[in-house]
Amino acid sequence: MKRITASLAAIGLLAGTAALADYPEKPITIVVPYGAGGGSDIMVRTVAPYIEKYLGDGASIVVENRTGASGIIGWQAVHDARPDGYTIGVITTPSIVTKPIEGKAEFTWQDFTIIANMVTDPAALNVKKGSQFKDIAGLVDYAKENPKVVTMATGNFGGDDHLAGLQLEKLTGAEFTFVPFPGVAARNATMGGHVAVGSFNLGEAVNYQDSIDILGIMADKRSDLAPEVPTLKEQGFDVVASSQRGFAGPKGMPDEAVEKLSAAIAQAVNDPDFRKDAQNQGVVLDFADSADFTAQLDAFDKAMRKIWAESPWLE
Numbered sequence: 001m002k003r004i005t006a007s008l009a010a011i012g013l014l015a016g017t018a019a020l021a022d023y024p025e026k027p028i029t030i031v032v033p034y035g036a037g038g039g040s041d042i043m044v045r046t047v048a049p050y051i052e053k054y055l056g057d058g059a060s061i062v063v064e065n066r067t068g069a070s071g072i073i074g075w076q077a078v079h080d081a082r083p084d085g086y087t088i089g090v091i092t093t094p095s096i097v098t099k100p101i102e103g104k105a106e107f108t109w110q111d112f113t114i115i116a117n118m119v120t121d122p123a124a125l126n127v128k129k130g131s132q133f134k135d136i137a138g139l140v141d142y143a144k145e146n147p148k149v150v151t152m153a154t155g156n157f158g159g160d161d162h163l164a165g166l167q168l169e170k171l172t173g174a175e176f177t178f179v180p181f182p183g184v185a186a187r188n189a190t191m192g193g194h195v196a197v198g199s200f201n202l203g204e205a206v207n208y209q210d211s212i213d214i215l216g217i218m219a220d221k222r223s224d225l226a227p228e229v230p231t232l233k234e235q236g237f238d239v240v241a242s243s244q245r246g247f248a249g250p251k252g253m254p255d256e257a258v259e260k261l262s263a264a265i266a267q268a269v270n271d272p273d274f275r276k277d278a279q280n281q282g283v284v285l286d287f288a289d290s291a292d293f294t295a296q297l298d299a300f301d302k303a304m305r306k307i308w309a310e311s312p313w314l315e
């Protein structure tokens with residue numbers, strides 16, 4: 001009887017290994033927790049054909065937008081999915097870290113299987129063409145002399161755009177009135193002149209420079225995506241803020257599926273045709289495998305918890 005049980009167990013193990021060797025055998029759904037046209041949506045729709053290519057064997061990807069609650073609805077759907085490798089999602093910083101810290105989610109980033117990071121998109125300060133603001137110094141000086149008069153469009157409160165504006169306030173003593181918008185509405189409000197300045201990512205701004213001026217990016221160095229745009233550091237303001245965009249699945253995904261997906265994403269990032277597409281779409285590439293991305297998230301989580309304990313950003 002013991003021999004039969006052992007044999008059945010071995011057969012089951014071999015069957016599971018064979019099944020994973022054939023992964024994927026059906027379409028993979030990638031959940032985007034934000035609306036169409038935003039940075040995460042652009043990233044996934046641009047890279048999906050290349051991930052399919054490098055997964056091989058007729059792999060198919062379905063992109064599903066599950067919006068609401070600053071990403072929480074989409075992430076909850078991924079969290080609750082079967083951990084078989086056929087439902088994964090886009091995770092973004094800071095929200096995947098900050099929303100649980102704020103007590104707005106029933107999960108933390110540690111409750112997911114981290115697959116890979118693909119993009120690190122710096123925050124940027126943008127104004128409508130013809131704005132009175134020509135550089136960061138002029139913007140800051142005016143906001144100091146006229147507290148709360150300058151309206152700044154951001155994404156959700158606690159997101160990288162909002163945190164970037166708060167950092168600038170804390171550093172300079174300027175005071176802005178933050179106006180949160182969903183999805184790409186912050187960019188539209190800026191282009192329409194409905195706010196004085198918009199804080200949103202470089203990847204969302206770079207292809208709209210016929211309508212907006214990018215005053216500066218919040219990065220350590222200039223971006224290849226817009227090399228003519230100076231950093232805030234160059235302009236005398238030591239503010240660095242960005243949004244990472246990567247992939248994660250439900251907790252407990254098989255290692256083999258994670259490795260296959262991560263390898264396909266890495267190959268896609270290095271594909272010359274994809275790099276050209278990414279440039280055209282405003283995607284700022286920055287690949288990190290599962291281990292490196294996990295370490296980055298862990299460090300960011302510790303930093304955000306320290307800030308929250310000292311000065312909660314929603315107060």
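Numbered according to this note's numbering, the sequence shown spans residues 1 to 315. We treat Cβ as the ideally placed atom computed from N, Cα and C, and that holds for glycine.
- T87 is a Cβ neighbour of P250, given a cutoff of 8 Å.
- The C-alpha of A263 is placed about 36 Å away from the C-alpha of G198.
- Residue state for K128 is assigned as strand, using DSSP reduced to three classes.
- When beta bridges are read from the DSSP output, L285 appears opposite V119.
- In the three-state reduction of the DSSP assignment, G198 falls in the strand class.
- Apart from the 5 residues on each side of it in sequence, A59 sits with its Cβ closer than 6 Å to the Cβ of P24, E52 in its chain, given in chain order.
- According to the DSSP secondary-structure assignment, N65 is paired through a beta bridge with V32.
- Burial check for A303: the Cβ neighbour count within 10 Å stays below 16, so the residue is exposed.
- When the alpha-carbon of G89 is set against those of Q110, Q281, V44, the nearest one is in V44.
- For L225, the three-state secondary structure derived from DSSP is coil.
- M304: member of the alpha helix (DSSP H) spanning 290-310, first to last residue.
- Counting only runs that start and end inside the segment 140-220, the beta strand (DSSP E) elements of at least 3 residues fall at 151-154, 177-180, 197-201, 212-217.
- Under the three-state reduction of DSSP, G58 is assigned to coil, being neither helix nor strand.
- Straight-line spacing of the CA atoms in Y142 and A185 works out to 25 Å.
- If you draw a straight line from the Cα of V31 to the Cα of V239, it comes to about 31 Å.
- Here DSSP, grouped into helix, strand and coil, assigns V90 to strand.
- The beta-carbon separation of G203 and V284, rounded to 5 Å, stays under the 8 Å limit for a contact.
- With a cut-off of 8 Å on Cβ pairs, the segment 109-116 is not in contact with the segment 130-147, counting fewer than three such pairs.
- D135 is the residue among V97, Y34, D135, M118 whose C-alpha sits nearest the C-alpha of P230.
- For P250, the enclosing beta strand (DSSP E) stretches over residues 242-250.
- Contact between the segment 205-225 and the segment 117-125 is established, with three or more Cβ pairs separated by less than 8 Å.
- Beta-carbon to beta-carbon, G155 and F200 are separated by about 7 Å, close enough to satisfy the 8 Å threshold.
- The C-beta distance from L168 to F237 rounds to 7 Å, short enough to meet the 8 Å contact threshold.
- Straight-line spacing of the CA atoms in S311 and A77 works out to 31 Å.
- The C-beta separation of Q244 from T46 comes to about 16 Å, leaving the pair out of contact by the 8 Å criterion.
- In this structure, P33 keeps its C-beta atom at 8 Å or more from the C-beta atom of V62.
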